[in-house]
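Undergrad: So for the sequence shown, the working numbering puts the first residue at 1; every next one is plus one.
Could you have a look at this structure, given as structure tokens, before my questions?
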Amino acid sequence: MPAKVHAASSCTVRRCTPQDATTVAELGARLFIQAYGPTHPEPELSRYLARSFDPERFERELAGPLVRVLMVESADGTPAGYAHMRATTGNRPPGVIGTTPIEIVRFYVDAAWHGAGLAQLLMAGCEGEARAMGGDLIWLSVWQEALRPQAFYRRAGFAIVGTTT
């Protein structure tokens with residue numbers, strides 16, 4: 001397990017490119033299983049992972065202008081978390097206001113790094129990336145039973161503005 005005393009200060013956040021698609025897909029699937037595996041029984045878990053973490057889809061999305069993926073890496077370059085963001089086009093939940101809202105689609109930090117400050121580092125990266133994308137608002141949805149992430153998002157300044165399915 002990584003040392004947590006100075007972990008965030010030794011980590012970096014970077015924007016992923018299409019060449020990172022396989023790494024992002026593998027990291028995303030691993031961290032989803034870590035967070036939600038027990039609540040998603042087979043065979044649905046495998047189907048969800050195949051749909052949601054397809055490297056070819058990530059490669060296409062990362063090549064386009066509407067999606068950004070940020071990865072937080074430890075000092076030795078090991079991926080420790082990521083955030084998948086996209087510009088909101090078309091319909092959005094009623095409570096999401098703003099001219100150019102940016103959605104955080106997924107936001108995960110490896111459990112081995114929880115409490116080390118990586119989530120704050122990654123969220124700061126998301127805020128900067130949203131500004132770079134021309135965004136005037138960041139929004140996300142979180143599972144109602146995911147209490148730890150909800151607490152983090154509240155500390156990061158997010159507020160509940162509605163519900164969605």
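Backbone N, C-alpha and C fix where the C-beta goes; we use that ideal spot for every residue, glycine too.
On the DSSP letters alone, give me the boundaries of the alpha helix (DSSP H) that Phe158 sits inside.
TA: Taking the sequence shown and counting its residues from 1, the one referred to as residue 158 is at position 158. No alpha helix (DSSP H) contains Phe158, which DSSP labels as neither H nor E.
Undergrad: With DSSP as the reference, identify every bridge partner of Ala75, one or two as the case may be.
TA: The sequence position of residue 75 within the sequence shown is 75, counting from 1. DSSP, once it has assigned bridges, lists no residue as partnering Ala75.
Undergrad: From Met133 to Ala87, what does the alpha carbon distance come to, in whole angstroms?
TA: As a working mapping, residue 133 is identified with position 133 in the sequence shown. As a working mapping, residue 87 is identified with position 87 in the sequence shown. Computed Cα separation, rounded: 8 Å.
Undergrad: Closest by CA to Gln34, which one among Leu137, Met85, Tyr108 and Tyr153?
TA: Mapped onto the sequence shown, residue 34 falls at position 34. Closest by alpha carbon: Tyr108.
Undergrad: Indicate the three-state DSSP secondary structure (helix, strand or coil) for Thr12 in the structure shown.
TA: Walking along the sequence shown from the start, residue 12 turns up at place 12. In the structure shown, Thr12 sits in a strand (DSSP, three-state: E or B).
Undergrad: In terms of residue numbering, what span does the beta strand (DSSP E) encompassing Thr137 cover?
TA: Residue numbering aside, residue 137 sits at position 137 when the sequence shown is read from its first letter. Note that residue 137 is Leu in the sequence shown, not Thr. Its beta strand (DSSP E) spans residues Leu137 to Leu140.
Undergrad: Between Ala63 and the rest of its own chain, which residues show a CB-CB distance below 8 Å, the 5 nearest in sequence each way excluded?
TA: By 1-based counting over the sequence shown, the position of residue 63 is 63. Pro18.
Undergrad: Does the Cβ-Cβ distance between Val72 and Cys11 come in under 8 Å?
TA: As a first step, residue 72 is located in the sequence shown; it is residue number 72 there, counting from the start. As a first step, residue 11 is located in the sequence shown; it is residue number 11 there, counting from the start. Yes, these two residues count as a Cβ contact at 8 Å.
Undergrad: Does the distance from the CB of Leu122 to the CB of Val13 come in under 8 Å?
TA: Within the sequence shown, residue 122 is the residue found at index 122, counting from 1. Within the sequence shown, residue 13 is the residue found at index 13, counting from 1. Against a cut-off of 8 Å, the Cβ pair of Val13 and Leu122 comes out as a contact.
Undergrad: Is it buried or exposed, Glu56, if we count other Cβ atoms within 10 angstroms and call 16 or more buried?
TA: In the sequence shown, the residue the question calls residue 56 occupies position 56. Classification for Glu56: exposed.
Undergrad: Which residue comes first and which comes last in the beta strand (DSSP E) that contains Ile97?
TA: The count along the sequence shown starts at 1 and reaches residue 97 at position 97. Where Ile97 is concerned, there is no enclosing beta strand (DSSP E), given that its DSSP letter is neither H nor E.
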